[in-house]
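> Position one of the sequence shown corresponds to residue 0 (numbering that gives the first Met the number 0), numbered consecutively onward. Think of the CB as a built atom: it goes at the ideal place given N, C-alpha and C, for glycine as much as any other residue.
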Amino acid sequence: MAKSSTCTTFRVRQAASQHKKTNKFFCSVFDLHYLCNIKLICMKVKALIILYLLINQFLMAQTPLPKHEVRAAWITAVYGLDWPKTKATSAEGIRRQKAELLEMLDKLKMANFNTVLFQTRTRGDVIYKSVYEPYNSILTGKVGGDPGYDPLAFAIEECHKRGMECHAWIVAIPLGNRTHVNSLGNNSVTKKRPSITVPYKREFFLNPGHPDTKRYLMDITREIVQNYDVDGVHYDYLRYPENAPNFPDRNEFRKYGNGRDIDQWRRDNITEIVRTIYNGVKSLKPWVKVSTSPVGKFDDTTRYPSRGWNAYKSVKQDVVGWLGEGIQDQIYPMMYFKGNNFYPFALDWKEQSNGRQVVPGLGIYFLDPKEGDWNINEIERQILFTRSNGLAGQAHYRMKYLMDNIQGLYDLLSYELYTTPALPPATPWLDNMAPSTPKNLQVTTDADGYIHLRWEPSTDNDTKNAPMYIIYGATTSSVDTNDPANIIAQRVQGTEYIYAPIFPWNRKTRFAVTAIDRYGNESESVQQGQ
0 MAKSSTCTTF RVRQAASQHK KTNKFFCSVF DLHYLCNIKL ICMKVKALII LYLLINQFLM
60 AQTPLPKHEV RAAWITAVYG LDWPKTKATS AEGIRRQKAE LLEMLDKLKM ANFNTVLFQT
120 RTRGDVIYKS VYEPYNSILT GKVGGDPGYD PLAFAIEECH KRGMECHAWI VAIPLGNRTH
180 VNSLGNNSVT KKRPSITVPY KREFFLNPGH PDTKRYLMDI TREIVQNYDV DGVHYDYLRY
240 PENAPNFPDR NEFRKYGNGR DIDQWRRDNI TEIVRTIYNG VKSLKPWVKV STSPVGKFDD
300 TTRYPSRGWN AYKSVKQDVV GWLGEGIQDQ IYPMMYFKGN NFYPFALDWK EQSNGRQVVP
360 GLGIYFLDPK EGDWNINEIE RQILFTRSNG LAGQAHYRMK YLMDNIQGLY DLLSYELYTT
420 PALPPATPWL DNMAPSTPKN LQVTTDADGY IHLRWEPSTD NDTKNAPMYI IYGATTSSVD
480 TNDPANIIAQ RVQGTEYIYA PIFPWNRKTR FAVTAIDRYG NESESVQQGQ
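1) On the premise that V512 lies in contact with L422, defined as a C-beta separation below 8 Å, what is that separation, rounded to the nearest angstrom?
2) Helix, strand or coil for E99? Go by DSSP, reduced to three states.
3) Could you tell me the alpha carbon to alpha carbon distance between N374 and Y396, rounded to whole angstroms?
4) Excluding the 5 residues flanking G323 on each side, which residues of the same chain have their C-beta closer than 6 Å to its C-beta?
5) I need the straight-line Cα distance from D262 to K312, nearest angstrom please.
6) Which value, in whole angstroms, describes the spacing of the CA atoms of P500 and I450?
7) Determine the burial state of F502: buried for a count of at least 16 other Cβ atoms within 10 Å of its Cβ, exposed for fewer.
8) Tell me whether L58 is buried or exposed, calling it buried when 16 or more other Cβ atoms sit within 10 Å of its Cβ.
9) Looking at A310 and Y234, is the spacing between their C-beta atoms short of 7 Å?
10) Excluding the 5 residues preceding and the 5 following Y239 in the sequence, name in chain order all residues of the same chain whose CB lies nearer than 8 Å to its CB.
11) Return the CA-CA distance between V478 and W73, expressed in angstroms with no decimal places.
12) Who are the Cβ neighbours of Y127 in its own chain at under 7 Å, not counting the five residues just before and after it?
13) Please list, in chain order, all residues of the same chain as E523 whose beta carbon is under 6 Å from its beta carbon, the five residues on each side excluded.
14) Keeping to the same chain, check which residues put their C-beta closer than 7 Å to that of M432; ignore five residues upstream and five downstream.
15) Answer with buried or exposed for L283, where buried requires no fewer than 16 other C-beta atoms within 10 angstroms of its C-beta.
16) Let's test the definition: count the other Cβ atoms within 10 Å of the Cβ of D516 and tell me whether it reaches 16, buried, or not, exposed.
17) Considering only the alpha carbon of each residue, which of V280, V232, V188 lies closest to I169?
18) Relative to the C-alpha of F365, which candidate in V358, L346, R355, M333 has its C-alpha closest?
19) Please report the distance separating the alpha-carbon of P359 from that of I223.
20) If we ignore side chains and look at the alpha-carbon of each, how far apart do L408 and E99 end up?
21) Where do the N-terminal and C-terminal ends of the beta strand (DSSP E) with V358 fall, by residue?
22) Once you ignore the five residues that flank A71 on each side, which residues in its own chain have a CB closer than 6 Å to its CB?
23) Under the assumption that Q329 contacts A391 (Cβ atoms under 8 Å), give the Cβ distance between them as a whole number of angstroms.
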């Protein structure tokens, strides 16, 4: 045996030596067998992957995507977490700051998002020219520094160009730590309106128990809604600090408690702010959606405890009461959880929604290994769960992780979960009357090969807003306007549209146009072939 082994070893070494001289491929019989097995395994794995992709594609094709669904992303301005990275201190700085935002909006558009939650007020400072609070220093590097353009107007205009809604995201109660407040100087609300602010645990807050707080927040809201064409106002941190029994509002409680216990009084204070803002917005522009982002669990459910972290008890948000009273159009609960900390609580929101739109906020930042290292399958399951259980959509916190394509999330959305456009769901409790059907659709081919669509305008019962239009296209004899895959363009202004397909093989030959109002009510279609 030893001799045979020695001879074999010699022959292998001799062959290896010969291989070096002749530069020809060599392997032992064992190595060749091993390599063949590896090759066979690889072929089987490849075949299984192809089979999986084919099955997945087939299943996706059999499960049509919804035509109406909120697909939202939060764009965070505080500390420049998402935007901006460049300071607007020169013409080039302005151009680059705008370009950063446009890149984000283009990415959202390409992935068929339809709602942008754009941070407009951060911590007692703002990103538009306000008579109440100064510009955020993140724009120019200087508190109150004018960026040389209006970032909020720019964001709204560019969102609308891309067929997306833009909601002004307003951080309500926190005003920042002492360093931040001092940096605002005399422009800080703590100096201008000290009676409605309080210090607590090294930070400053608006005091929800002071009656003037709701008026102050409504003043800011009114300024935005009157001066900008926002589609919604979205309030964040409209709540007390978590588990704060010693919040310094005892003087106000003695004045305004009226026999209630302090927990109920605090809940009523937050509700009164919500009510004031909702009614105030509807008196200005009733189509503007009013929403909040409450803590992700309302309260304990019958089967699952909230583990001491919920909206109702921990931060005094009676969100179910708001929904029941009809003083919310949407809520975006911050459901940055997984497993049984997500699914039963999402159903709880749905069951208590009173027909309003519940859009769970998904904690996509937990896909980052530095944050939580979730598996991407968790986010996929949550999206599919919200769809199968009739929730209004999803919101992604936050934009950076979409831009970074964390764990391939952006690709998953683009190529599997958001492959077709979606319209924001209608708000029939505000208005349920659709515009009239557009008339006399004309389809012509221009000399440059582009297809030109023209039609006669629609009319609507909302006299303050001319209807917008949705363009559909197909290669069939009739365009199915219930199929979101046929949507070519949304929020089209005017009565003409130039269709220029990117890929000739996807060229549509028959077209349909519908009218849609600011409440999401859509008319019947007018159709015409090429």
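Considering the structure as presented:
1) Position 423 of the sequence shown, counted from the start, is the residue given in the question as residue 422. Position 513 of the sequence shown, counted from the start, is the residue given in the question as residue 512. Not a contact, Cβ separation roughly 14 Å.
2) By 1-based counting over the sequence shown, the position of residue 99 is 100. In the structure shown, E99 sits in a helix (DSSP, three-state: H, G or I).
3) Locating residue 374 in the sequence shown gives position 375, where the first residue counts as 1. Locating residue 396 in the sequence shown gives position 397, where the first residue counts as 1. Rounded to whole angstroms, N374 to Y396 spans 16 Å at the Cα level.
4) Taking the first residue of the sequence shown as position 1, residue 323 is located at position 324. So the qualifying residues of the chain are N353.
5) Here residue 262 refers to the residue found at position 263 of the sequence shown. Here residue 312 refers to the residue found at position 313 of the sequence shown. Approximately 8 Å between the Cα atoms of the pair.
6) Here residue 500 is taken as the residue at index 501 of the sequence shown, counted from 1. Here residue 450 is taken as the residue at index 451 of the sequence shown, counted from 1. The alpha-carbon atoms of P500 and I450 are separated by roughly 9 Å.
7) For the purposes of this step, residue 502 is taken as the residue at position 503 of the sequence shown. Exposed is the call here.
8) Walking along the sequence shown from the start, residue 58 turns up at place 59. Low local confidence applies: a pLDDT of 48 at L58 is under 50, so the model's placement there is unreliable, with the coordinate-based value given in what follows. It is exposed - the Cβ of L58 has fewer than 16 other Cβ atoms within 10 Å.
9) Within the sequence shown, the letter at position 235 stands for residue 234. Within the sequence shown, the letter at position 311 stands for residue 310. No, they are not a contact pair.
10) In the sequence shown, residue 239 corresponds to position 240, counting from 1. Once the five neighbours on either side are set aside, the close Cβ partners of Y239 are I172, P207, F246, R265, I269, V314, K315.
11) Position 479 of the sequence shown holds residue 478. Position 74 of the sequence shown holds residue 73. Between V478 and W73, the C-alpha separation is close to 34 Å.
12) Mapped onto the sequence shown, residue 127 falls at position 128. Hits under 7 Å: T119, D149, P150, L151.
13) Numbered from its first residue, the sequence shown carries residue 523 at position 524. Excluding positions up to five away in sequence, the list reads T436.
14) Taking the sequence shown and counting its residues from 1, the one referred to as residue 432 is at position 433. Contacts found: N460, N520.
15) Counted from its first residue, the sequence shown places residue 283 at position 284. With fewer than 16 other Cβ atoms within 10 Å, it is exposed.
16) Taking the first residue of the sequence shown as 1, we reach residue 516 at position 517. Buried, since its Cβ has 16 or more Cβ neighbours within 10 Å.
17) Residue numbering aside, residue 169 sits at position 170 when the sequence shown is read from its first letter. Of V280, V232, V188, the residue nearest in Cα terms is V232.
18) Walking along the sequence shown from the start, residue 365 turns up at place 366. Checking every option, the nearest Cα to that of F365 belongs to M333.
19) Taking the sequence shown and counting its residues from 1, one reaches residue 359 at position 360. Taking the sequence shown and counting its residues from 1, one reaches residue 223 at position 224. Going by the C-alpha atoms only, they are around 25 Å apart.
20) The sequence position of residue 408 within the sequence shown is 409, counting from 1. The sequence position of residue 99 within the sequence shown is 100, counting from 1. If I take the Cα positions, the gap works out to 20 Å.
21) Against the sequence shown, residue 358 aligns to sequence position 359. From DSSP, V358 is part of no beta strand (DSSP E); its letter is neither H nor E.
22) Here residue 71 is taken as the residue at index 72 of the sequence shown, counted from 1. The residues are T114, L116, A394.
23) On the sequence shown, position 330 is the one that residue 329 refers to. On the sequence shown, position 392 is the one that residue 391 refers to. Their Cβ separation, rounded to whole angstroms, is 7 Å, which keeps Q329 and A391 in contact under 8 Å.
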